[in-house]
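Student: Quick one: this structure, given as C-alpha cells, is what I'll be asking you about.
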Amino acid sequence: MRVREATDDDLPVLRAMLLEANNWTGEERFTPARLLADPHAGRYLAGWRRPGDLGFVASDPSSPDAPALGSIWARPLPAAAPGYGYVADDVPELSMAVAAHARGRGVGTALLSTCVDAGRARGWRAVSLSVEDGNEAARHLYVRHGFVTVGRNGGADTMLLEL
Ligand SMILES: CC(C)(COP(=O)(O)OP(=O)(O)OC[C@H]1O[C@@H](n2cnc3c(N)ncnc32)[C@H](O)[C@@H]1OP(=O)(O)O)[C@@H](O)C(=O)NCCC(=O)NCCS
Numbered sequence: 001m002r003v004r005e006a007t008d009d010d011l012p013v014l015r016a017m018l019l020e021a022n023n024w025t026g027e028e029r030f031t032p033a034r035l036l037a038d039p040h041a042g043r044y045l046a047g048w049r050r051p052g053d054l055g056f057v058a059s060d061p062s063s064p065d066a067p068a069l070g071s072i073w074a075r076p077l078p079a080a081a082p083g084y085g086y087v088a089d090d091v092p093e094l095s096m097a098v099a100a101h102a103r104g105r106g107v108g109t110a111l112l113s114t115c116v117d118a119g120r121a122r123g124w125r126a127v128s129l130s131v132e133d134g135n136e137a138a139r140h141l142y143v144r145h146g147f148v149t150v151g152r153n154g155g156a157d158t159m160l161l162e163l
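Put into C-alpha cells, the structure is as follows:
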C-alpha cells in the first residue's frame, strides 16, 4: 500500500470517501448529490485545498489505475461554520474512510498515523473528529491512536487527540 499527500486533483476521491464516512452504517443515508448540497457536510471539502488543509490518499501500487483504497484529511473550521467535531478554531477536524472492500487490512491505521504525524510536524496542537454512536470500527481505531472523548454532538462523540 502507498500513502501519498492529497493534491487538488484528489477532490473526487475525497468526496467519495466523505460519502463512505457519512454512509458508514451501510445504508445510503446520503446520495452523492445530497451530500454535495448539504451545507453542513459540504463544509468538510468546500474549496479544497484551502490553506491549512492537509490530506492523504492510500492506493495499491500494483494497480495504479484502480480507485483509491481510502483517504483522510483535516481542515480547520471556524466556530461560525463548524464541523460535527468542532473543538476550537485552531484545531483541524479530521475525516476519513476506507473503501468497503479494503477495510480491515491496516489502510485506516496507515492513513491515520500518516496524517497525525504530518499534523504534528506542521505544529498543530491537536486534531478533533466526530464519531457516531455504533461506529465501533472507527472508534476503536481512534482510541488506539490516543483520541479521547471530549464532548457530545447529537448522537456522536467529539474526540480529540493532543499532538
Ligand atoms: C473506520 C475505517 C476508516 C477503518 O479503516 P480500516 O482500513 O478498516 O482500519 P484498519 O484495518 O487499519 O483497522 C481497523 C481496526 O478496527 C477494528 N475493527 C473492525 N471492525 C470493528 C468493530 N466492529 N468493532 C471494533 N473494532 C473493529 C479492527 O480489528 C482493527 O483494529 P486492530 O488493528 O486493533 O485489530 C473503516 O472501517 C471505514 O472506512 N469505515 C466507514 C467510514 C467511517 O466510518 N469513517 C469514519 C467516520 S468517523
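Mapping the sequence shown onto my numbering, position 127 (from 1) lands on 127, and the numbers just tick up by one. The beta carbon of each residue, even a glycine, is placed where N, CA and C say it ideally should be. Keep in mind the model is a prediction, meaning the values are calculated, not measured.
(1) On the premise that Ala6 lies in contact with Val47, defined as a C-beta separation below 8 angstroms, what is that separation, rounded to the nearest angstrom?
(2) If you follow the alpha helix (DSSP H) that Asp157 is in, where does it begin and where does it stop?
(3) Shorter than 7 angstroms, the distance from the beta carbon of Asn27 to the closest heavy atom of ligand 1, or not?
(4) Going by CA-CA distance only, name the one from Ala137, Arg144, Val127 that's closest to Thr158.
(5) With a Cβ-Cβ cutoff of 8 angstroms, do Val13 and Leu111 count as a contact?
(6) Confirm, please, whether the CB-CB distance from Gly155 to Asp133 is below 8 angstroms.
(7) Hey, could you find the ends of the beta strand (DSSP E) Met96 is sitting in?
(8) Given a cut-off of 8 angstroms, decide if Arg120 and Leu160 are closer than it, judged by their beta-carbon atoms.
(9) Can you tell which of His40, His101, Asp89 has its C-alpha closest to the C-alpha of Glu20?
(10) Considering only heavy atoms of ligand 1, does any lie closer than 7 angstroms to the CB of Asn135?
(11) Is the distance from the Cβ of Trp24 to the Cβ of Asn135 below 8 angstroms?
(12) Regarding Thr109 and ligand 1, is the C-beta to nearest heavy atom distance less than 7 angstroms?
(13) Going by the CB atoms, is the gap between Trp73 and Ser95 shorter than 8 angstroms?
(14) Could you check what DSSP says for Ala170 in three-state terms: helix, strand or coil?
Tutor: Let me lay it out:
(1) Going by the sequence as given, residue 47 is Gly instead of Val. That belief does not hold up - the Cβ atoms of Gly47 and Ala6 are roughly 14 angstroms apart, past 8 angstroms.
(2) Note, Asp157: premise wrong, no alpha helix (DSSP H); beta strand (DSSP E) at 156-162.
(3) Here the sequence assigns Glu to residue 27, which means Asn is not the residue at that position. No, since every heavy atom of ligand 1 falls outside the 7 angstroms radius drawn around the Cβ of Glu27.
(4) Val127
(5) no
(6) yes
(7) 93-98
(8) no
(9) His101
(10) yes
(11) yes
(12) yes
(13) yes
(14) Because the chain here runs from 1 to 163, residue 170 falls outside it and cannot be looked at.
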